[in-house]
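A.B. asks: Chains F and V supply the protein sequences, listed in that same order. Letter 149 of the first sequence, counting from 1, is numbered 311 in my numbering, and no numbers are missing. Letter 48 of the second sequence, counting from 1, is numbered 1513 in my numbering, and no numbers are missing. This is the structure, below, for whatever I ask next.
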Amino acid sequence: MKAKKNLVIRSSEITPKELFHARRKFMQLAGGVTLAALLPRAVWAGDKLTEVKKSAYTVPDELTPYKDVTHYNNFYEFGTGKEDPAANATHFKTRPWTITVEGEVKKPKVFDIDELLKMAPLEERIYRLRCVEAWSMVIPWIGFPLAELIKQVEPTGNAKYIEFISLHDPEQMPGQLSSVLEWPYHEGLRMDEAMHPLTFLTVGLYGEVLPNQNGAPIRVVVPWKYGFKSAKSIVRIRFVEKQPVTSWMQAGPGEYGFYSNVNPEVDHARWSQAKERRIGDFFKRKTLMFNGYADEVSQLYAGMDLQKNF
Amino acid sequence: MILKNPNNKTLALVKAIVFLLALIPLAKLGLHAYQEELGANPIEKITRTTGYWTLTFLLITLSVTPFRRLLGWSWLVRLRRTLGLFAFFYGSLHFLTYLVLDQFFDWDSIVKDIVKRPYITVGFPAFLLMIPLAVTSTDAMIRRLGGKCWRWLHRLVYLTAVGGVVHNWWLVKKDLTNPITFAVLLGFLLGFRLFSWLWSLRKQRISAHTAISP
């Protein structure tokens, strides 16, 4: 049988694995360089963002220094230590980047990140950020309301919740080599929470493009919830009917609930949430209900038992 | 051989070196504080560093006996007091960091923490149990208590070590690498003691048996 004989490949004809990968790498690189030469330059971490208007959504608190905002991070994809993300995210690639919006929507779409940046006018908002570990910061974010994106894809009547999926790429995100959380990181909001004007699709901070360790190139910021609700490096947004189970709910169902609203009266299983230490302060301060955003958001939870729905 | 049986001069030198080495973590912490390099949350950094070294010195202290027996270096026991006192020293710094820097004498919060936070519920008594051991660490106290009584009292260190390891385990949110390492090491150290105790029981039984039989 002639055909069978042809299937045998001499070992000298097989490209060594290393060479194969090297070629691929070269081609990718060459392709990248050509593409970069053809396209207008994309924005990178550290670049200034222009045409940003100031927003009325601003708290009078003193800003947390830039160095602390960018060197004290919980971003387990880059390691569980607070200084790990700044150290390990230096070479993180944020271009090309797309965000797939799908599920219960009339117009599902794959958005390119640079297209998203132009979707709505960018504004700067100074928000408090309260971590579940009882520390807090005040950060000038840049972005636009998530509602702008939601309106474009037209959710159906079945869309009750929204799910955020972060990038899964263990080669770039060394933290994902450990199974410390269920990867990819997934978070979620109820539809009315997602549509709330405070819920902010964020692409920058301190006047510049979002640093890699802060969730580049695009993240959400939900200021009245504990920090882990604000998903980073988002690649997929899904509209769903049932309440999603988030990464932290899987990690500790008794410790992390779906809502995770900042609430000084509901303690975490391991520590009190009554007070917090603002980064840079010596004395702790009292934690405010809904992180000080009660006027804006408390009606979302009218009639709900917040001890149960923690 | 010098390792088996060093003279007094060598031993004094070894003791001095151990003492200086044991101060390095504190010196580093002080230097970083002076250079303002303790990061965004200095109090957390100090708490974690002093806690880490408390556990480390507890484990080093507990490894004296196994090493002494396995290597036959009986002089190691003469380092044990220094090492144990350093565990207490870092434990005290850890506790004071919590009391002064973290809570700033907010007794109400402290009591709530001890009652409601399991990791503090075990950590606080684990620290307290070190106090009688430190107080009775002098030669005079050993003589006053008598060797047998003193040895029994100082077995409290096992409770402190277990409490410390559990404290560390329970406070970690998700990444258990470091608590597991401490737990495994402590397991070996306590396991060695359990094993050698059972072994000595067996030997006693055998010798009792041969003594009775004609």
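Cβ atoms here follow ideal geometry from the backbone N, Cα and C, with glycine treated the same way. Just so you know, these numbers come straight off a predicted model, no measurement behind them.
Note down, in chain order, all residues in the region 1567-1584 of chain V with a beta-carbon under 9 Å from any beta-carbon belonging to chain F.
C.D. replies: Within the region 1567-1584 of chain V, the qualifying residues are D1567, Q1568, F1569, D1571, S1574, K1577, D1578, K1581, R1582, P1583 and Y1584.
A.B. asks: Chain F partners of K1493 of chain V, CB-CB under 8 Å?
C.D. replies: In the second sequence, the residue the question calls residue 1493 of chain V occupies position 28. Under the 8 Å cutoff, chain F gives no residues; its nearest Cβ is about 16 Å from K1493 of chain V.
A.B. asks: Using C-beta distances below 7 Å, list every residue in its chain close to K391 of chain F, excluding the 5 sequence neighbours before and after it, in chain order.
C.D. replies: Position 229 of the first sequence, counted from the start, is the residue given in the question as residue 391 of chain F. Only E349, V384 and S422 meet the Cβ criterion.
A.B. asks: I'd like to know if F472 of chain F contacts chain V, where contact means its C-beta is closer than 8 Å to some C-beta of that chain.
C.D. replies: In the first sequence, the residue the question calls residue 472 of chain F occupies position 310. So no, F472 of chain F is outside the interface.
A.B. asks: Less than 7 Å between C-beta atoms, sequence neighbours within five positions excluded: which residues of the same chain meet that for F1653 of chain V?
C.D. replies: What you label residue 1653 of chain V is simply residue 188 of the second sequence in a count that begins at 1. Nothing meets the Cβ criterion.
A.B. asks: What are the complete beta strand (DSSP E) segments, minimum 3 residues, inside the region 204-270 of chain F?
C.D. replies: If we require 3 residues or more, the beta strand (DSSP E) runs fully inside the region 204-270 of chain F come out as 215-220 and 260-265.
A.B. asks: Any chance you could list the alpha helix (DSSP H) runs of at least 4 consecutive residues sitting entirely within the region 279-353 of chain F, in chain order?
C.D. replies: The qualifying runs are 308-315.
A.B. asks: If I measure Cβ to Cβ from R1546 of chain V and keep anything under 6 Å in the same chain, skipping five residues before and after, which residues do I get?
C.D. replies: By 1-based counting over the second sequence, the position of residue 1546 of chain V is 81. So the list reads S1602, once near-sequence residues are dropped.
A.B. asks: Tell me which residues share the same chain as K215 of chain F and place their Cβ nearer than 6 Å to its Cβ, disregarding the 5 neighbours each side in the sequence.
C.D. replies: Against the first sequence, residue 215 of chain F aligns to sequence position 53. Result list for K215 of chain F: E285, in chain order.
A.B. asks: Does DSSP classify K404 of chain F as helix, strand or coil?
C.D. replies: The count along the first sequence starts at 1 and reaches residue 404 of chain F at position 242. Three-state result, K404 of chain F: coil.
A.B. asks: Please state whether DSSP places D274 of chain F in a helix, a strand or coil.
C.D. replies: Translated into positions along the first sequence, residue 274 of chain F becomes position 112. DSSP places D274 of chain F in strand when its eight states are reduced to three.
A.B. asks: Going by DSSP, what residues sit across from F362 of chain F in a beta bridge?
C.D. replies: In the first sequence, counting from the first residue as 1, residue 362 of chain F sits at position 200. Paired residue(s): F:P307 and F:V383.
A.B. asks: Leaving out five residues before and five after F273 of chain F in sequence, what residues of the same chain have Cβ atoms less than 7 Å from its Cβ?
C.D. replies: The residue labelled residue 273 of chain F in the question sits at position 111 within the first sequence. Hits under 7 Å: T260, I261 and V263.
A.B. asks: Please state whether the Cβ-Cβ distance between H330 of chain F and A1505 of chain V is less than 8 Å.
C.D. replies: On the first sequence, position 168 is the one that residue 330 of chain F refers to. On the second sequence, position 40 is the one that residue 1505 of chain V refers to. The answer is no: Cβ separation not under 8 Å.
A.B. asks: By the 10 Å Cβ neighbour count, where 16 or more other Cβ atoms means buried, how is H358 of chain F classified, buried or exposed?
C.D. replies: Here residue 358 of chain F refers to the residue found at position 196 when the first sequence is read from its first residue. It is buried - the Cβ of H358 of chain F has at least 16 other Cβ atoms within 10 Å.
A.B. asks: What residue from V:F1554, V:T1675, V:G1556 and V:A1591 has the CA that sits closest to R1620 of chain V's CA?
C.D. replies: On the second sequence, residue 1620 of chain V is found 155 positions in, with the first residue counted as 1. Looking at the Cα atoms, V:A1591 is the closest of the given residues.
A.B. asks: Measure the Cβ-Cβ separation of R290 of chain F and V221 of chain F and say whether it is below 8 Å.
C.D. replies: Within the first sequence, the letter at position 128 stands for residue 290 of chain F. Within the first sequence, the letter at position 59 stands for residue 221 of chain F. It is a contact, given that the beta carbons lie within the stated cut-off.
A.B. asks: Quick one, which of F:E370, F:F401 and F:A413 has its alpha-carbon nearest T318 of chain F's?
C.D. replies: Residue numbering aside, residue 318 of chain F sits at position 156 when the first sequence is read from its first letter. Nearest of F:E370, F:F401 and F:A413 to T318 of chain F, Cα basis: F:F401.
A.B. asks: Return the first residue and the last residue of the beta strand (DSSP E) that K437 of chain F is part of.
C.D. replies: In the first sequence, the residue the question calls residue 437 of chain F occupies position 275. Per DSSP, K437 of chain F belongs to the beta strand (DSSP E) from K437 to R440.
A.B. asks: Quick check on this structure: which residue in F:W297, F:M353, F:L363 and F:G465 has the alpha carbon closest to the alpha carbon of L450 of chain F?
C.D. replies: For the purposes of this step, residue 450 of chain F is identified with residue 288 of the first sequence, where counting begins at 1. Nearest of F:W297, F:M353, F:L363 and F:G465 to L450 of chain F, Cα basis: F:W297.
A.B. asks: Could you check whether the Cβ of H233 of chain F sits closer than 8 Å to any Cβ belonging to chain V?
C.D. replies: The residue given as residue 233 of chain F occupies position 71 in the first sequence. It does: the Cβ of H233 of chain F has a partner Cβ on chain V nearer than 8 Å.
A.B. asks: Quick check on the DSSP output: the alpha helix (DSSP H) that includes P1597 of chain V runs from which residue to which?
C.D. replies: Walking along the second sequence from the start, residue 1597 of chain V turns up at place 132. That run of the alpha helix (DSSP H) goes M1595 to V1600.
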